[in-house]
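Take the sequence shown: its letters are residues 86 to 369, numbered as in the working numbering.
For glycine and all other residues, C-beta sits at the position ideal for the given N, C-alpha and C.
Worksheet: one structure, shown below.
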Amino acid sequence: MKRMTNMKQLRFMANIIRQDVVRMLYEAKSGHSAGSIGLADIFTALYFNVLYHNPEKPDWPDRDRLILSNGHVCPVLYSALANAGYFPKEELMTLRKLNSMLQGHPHRGTLPGIENSSGPLGQGLSQAVGMAIVAKAERKRWRVYAMLSDGEHNEGQTWEAAMLAAKYKLGNLTAIIDRNNIQIDGYTEEVLPLEPFADKYRAFGWNVIDVDGHNIKKIIDACSESKAVYERPTVIIAHTIPGKGVPFMENLFEWHGKPPTKEQADEATRDLEAIKKTIDEDEE
Ligand SMILES: Cc1ncc(C[n+]2csc(CCOP(=O)(O)OP(=O)(O)O)c2C)c(N)n1
Ligand SMILES: [Mg+2]
86 MKRMTNMKQL
96 RFMANIIRQD
106 VVRMLYEAKS
116 GHSAGSIGLA
126 DIFTALYFNV
136 LYHNPEKPDW
146 PDRDRLILSN
156 GHVCPVLYSA
166 LANAGYFPKE
176 ELMTLRKLNS
186 MLQGHPHRGT
196 LPGIENSSGP
206 LGQGLSQAVG
216 MAIVAKAERK
226 RWRVYAMLSD
236 GEHNEGQTWE
246 AAMLAAKYKL
256 GNLTAIIDRN
266 NIQIDGYTEE
276 VLPLEPFADK
286 YRAFGWNVID
296 VDGHNIKKII
306 DACSESKAVY
316 ERPTVIIAHT
326 IPGKGVPFME
336 NLFEWHGKPP
346 TKEQADEATR
356 DLEAIKKTID
366 EDEE
């Protein structure tokens, strides 16, 4: 797919994705708002710039693989895939409906562009490590990107996979963590503290990059940097604001698993439209 390199165009896309997510969750009357909306900039960077992929050939063998581990944020993935051309955008409004391709958690095989099924947290890094081991053994050029959440680092399996990735020197693996500081029922540092998070990954043998998860240029740069590290896996700790762009949702763990009401969806759309208007005026 042709890369989008214009930052304003990329920011417009992230805004469209946020608006899609708001409407999808309102239509479904259920789903996870905060994480999905907070990840719009990262998914825009990935699907419109970073990944080598072809929406017309979802099974192209040489494509990069994006493993989504925190499956509950799939509305942002679905919107990114639809906007990239994997399937018609009308499908987005069938989220969580019976017989829809867009299940509440991603199901590999029912929707083009989905590399793994997820929902049970803590498994995605293991899946990504397995794929990266195969790619390395077979000397393939494609890379594996693993999207993880901070909350799922409460699962020991994530750390087992982190150890294995270092053992096999998986330079073809880039993990991106949504460091949004919330999980289902509280703030991560209150439920089960993760800090010093970066030091832990360093101690596990990883290359660590901290990045502002809302700065699309910096996310793209961090992904490029990770490609230049051959002997270690890279983790990008992306600092995000859950619900970013919708002020009444921002930074509140209560929005982890709640959809907006009609009034709230309308307000969120107005907020996002206001941001969209400022993109053109901004200096790059
Ligand atoms: C193994 C497992 N345990 C519990 C859950 C229930 N659960 C769903 S989302 C979630 C919170 C995880 O935190 P995070 O992914 O950081 O949430 P977010 O930042 O998206 O709000 C939990 C505990 C699950 N899906 N899988
Ligand atoms: Mg979180």
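Alpha helix (DSSP H) containing residue 273: first to last residue?
-> 273-276
Who are residue 296's beta bridge partners in DSSP?
-> 323
Under a three-way DSSP split, which group does residue 150 fall into?
-> strand
What's the gap between the Cα of residue 349 and the Cα of residue 256?
-> 43 angstroms
Buried or exposed: which applies to residue 301, given that a residue is buried once 16 or more other Cβ atoms fall within 10 Å of its Cβ?
-> buried
What does a CB cutoff of less than 6 angstroms around residue 361 pick up in its chain, not counting 5 residues either side in sequence?
-> 100
Label residue 291 either buried or exposed according to how many other C-beta atoms from any shown protein chain fall within 10 Å of its C-beta, with 16 as the threshold for buried.
-> buried
Please name the residue in 263, 185, 359 and 316 whose C-alpha comes closest to that of residue 158.
-> 263
How would you call residue 135, buried or exposed, if buried means at least 16 neighbouring beta carbons within 10 angstroms?
-> buried
Do the CB positions of residue 201 and residue 193 come within less than 9 angstroms of each other?
-> yes
Nearest-angstrom Cα distance between residue 308 and residue 181?
-> 32 angstroms
Touching or not, the stretch 244-259 and the stretch 173-180, by the rule of three or more beta carbon pairs under 8 angstroms?
-> no
Taking only the alpha-carbon atoms, compute the straight-line gap between residue 276 and residue 154 and give it to the nearest angstrom.
-> 20 angstroms
Measure from the C-beta of residue 144 to each C-beta in chain D and report whether the shortest distance is under 9 angstroms.
-> The displayed structure is made up of one protein chain only, and chain D is not part of it.
Kindly indicate which three-state DSSP category residue 264 falls into: helix, strand or coil?
-> strand
Would you identify the three-state DSSP class for residue 115, choosing helix, strand or coil?
-> coil
Within 7 angstroms of ligand 1: residues by beta-carbon to any heavy atom | 117, 119, 120, 155, 157, 158, 204, 205, 206, 207, 234, 235, 236, 237, 240, 263, 265, 267, 268, 269, 273, 327, 338, 341 and 342
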